[in-house]
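Presented below is the structure to which this report refers.
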Amino acid sequence: MARASSVVDVILAEAGGRSLLERYTDMLNIASVIQNRSNFGGVSPDDVVSVRTEFNAYGGRMPPGVEAYRPLAESVWQQVQKTGPVHKGTYYATPKAAGNLPGGLQRLGAVQGGHVVFGDPQGRSFRTAQGFVRPNGINNDPPVEMVGGSGLGLD
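Take 69 as the starting number for the sequence shown in this note's numbering and just add one per residue.
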């Protein structure tokens, strides 16, 4: 079975959601976290996702059935590359794993059946393939609303 070894693979392997729209929204929010870390940290997106302690899917086996969504994940990644992230978040986790994240994060929203996205008002360093980087350009502006609104299962 194939292993996650690229940004698109990580988006594909990480995204959840009960419907296609929820999966798309979760992919878009995950891709935005990856791009934000790349932008704020001054490193490549590959350097962001290739640290398994930060992005658990990297290096792991692709979940069964997700290959059917590869064109969607590729499209989402291209969209974020072209138009930019849809939020300022730098962390995401499943609701069950959110307690493992650093304290003091600001919850930006969640996707039904997917991930919760967080911003870090403290702008703490995060791990990349280049080592820990201190983000530049993060500020304490109010968070932008996550993509989709309540009609997409975001709270």
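All residues carry an ideal CB built from backbone N, CA and C; glycine is no exception. These figures come from a predicted structure and were not determined experimentally.
*Looking at the structure shown, is Y126 part of a helix, part of a strand, or coil, going by DSSP?*
coil
*Looking only at C-alpha atoms, which of P132, G133, P131, N124 sits nearest to Y159?*
N124
*Contact check, W145 vs A72 under 8 Å by CB: the rounded distance?*
That pair is no contact at about 13 Å.
*Compare the Cα-Cα distances from R86 to each of V154, G191, G182 and report the closest residue.*
G182
*Could you give the residue range of the alpha helix (DSSP H) that holds L96?*
Here the alpha helix (DSSP H) through L96 covers 88-109.
*Would the region 157-176 and the region 132-146 be scored as touching if the rule is three or more Cβ pairs under 8 Å?*
no
*Tell me Y160's beta-bridge partners as DSSP assigns them.*
Beta-bridge pairing links Y160 to V185.
_To the nearest angstrom, how far is the alpha carbon of P163 from that of V179?_
10 Å
*If G110 and G157 are in contact, beta carbons under 8 Å, what's the gap, nearest whole angstrom?*
Incorrect: roughly 18 Å between the Cβ atoms, too far for contact.
*Less than 7 Å between the CB of N104 and some heavy atom of the ligand ZN, yes or no?*
With respect to the ligand ZN, the structure offers nothing, as it holds no ligand at all.
*Buried or exposed: where does P153 fall if 16 or more other Cβ atoms within 10 Å of its Cβ makes it buried?*
So P153 ends up on the buried side.
*Check A83 in the structure and name its three-state DSSP category.*
If DSSP states are grouped into helix, strand and coil, A83 belongs with coil.
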